[in-house]
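Our numbering applies: residue 454 is where the sequence shown begins, and numbers increase by one. Read through the structure below, which is laid out as structure tokens, and then see the notes.
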Amino acid sequence: MRNNQSPKSAWEAALDSLSRRALTKRELETRLNDKGYESSQIQSVIDKLLGYGYLNDRELALTYAKSRLHRYSRRRVTMDMRNRGIASDLIEQVLEEVYSWDEEAKLCLALAQKWRVQEEQRWEEKALKDSEKKTVPQELWVQQRVVRKLIQRGYPSDIVQNVLAKMRIE
Numbered sequence: 454m455r456n457n458q459s460p461k462s463a464w465e466a467a468l469d470s471l472s473r474r475a476l477t478k479r480e481l482e483t484r485l486n487d488k489g490y491e492s493s494q495i496q497s498v499i500d501k502l503l504g505y506g507y508l509n510d511r512e513l514a515l516t517y518a519k520s521r522l523h524r525y526s527r528r529r530v531t532m533d534m535r536n537r538g539i540a541s542d543l544i545e546q547v548l549e550e551v552y553s554w555d556e557e558a559k560l561c562l563a564l565a566q567k568w569r570v571q572e573e574q575r576w577e578e579k580a581l582k583d584s585e586k587k588t589v590p591q592e593l594w595v596q597q598r599v600v601r602k603l604i605q606r607g608y609p610s611d612i613v614q615n616v617l618a619k620m621r622i623e
């Protein structure tokens, strides 16, 4: 502990961090530890924050999952929450409340359709040189780009394959 860091300043540092954005218990512990506070001070501050309800991993996980519901897959949100230090059992509970597998498949289909249109326009406008257009069929090129984007968003390959099959039928 540095000389000027009293328990009160640890409390103030924690409140200052929480005033900027919601943090998980682990994120706050890491921040306070990085600032040089002792473990006993950190634990005391965290216990106090938990008691006041200022630090709540469940509420943060629920808000986080809801805010990403229409942009990211269940897998991607799971990885992001794990990286933030949220417990695996809590992640599963929250995702069961927020994400249904049917909704995820519908979202994946909607994104794939949107991206297909964008990639078809890209093909027509500027994406490929004339020589490349002759060697790679447009449908294959567009499909590969859409699949890559869906996988990057964390959608499971079985959902992506089902979506591709539906798009071929349409």
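Cβ atoms here follow ideal geometry from the backbone N, Cα and C, with glycine treated the same way. The model shown is predicted, which means the values in this text are computed figures rather than measured ones.
Under the DSSP assignment, residue 477 falls outside any alpha helix (DSSP H); it carries neither an H nor an E label.
Apart from sequence neighbours up to five positions away, the residues of its chain that approach residue 528 with a beta-carbon distance below 8 Å are 607, 608 and 609, ordered along the chain. With contacts defined as CB atoms closer than 8 Å, residue 594 and residue 568 fail to qualify as a contacting pair.
For residue 543, the three-state secondary structure derived from DSSP is helix.
Distance from residue 530 to residue 521 at the Cβ level is roughly 5 Å; contact confirmed, criterion being Cβ atoms closer than 8 Å. Sequence-distant partners of residue 552 (beyond 5 residues in either direction) whose C-beta falls short of 8 Å from its own C-beta, in its chain, are 518, 522, 527 and 530. Under the DSSP assignment, residue 506 falls outside any alpha helix (DSSP H); it carries neither an H nor an E label. Fewer than three Cβ pairs drawn from the region 483-491 and the region 505-512 lie within less than 8 Å of each other, which leaves the two stretches out of contact. The Cβ neighbour count for residue 525, taken over all protein chains shown within 10 Å, is at least 16; the residue is labelled buried.
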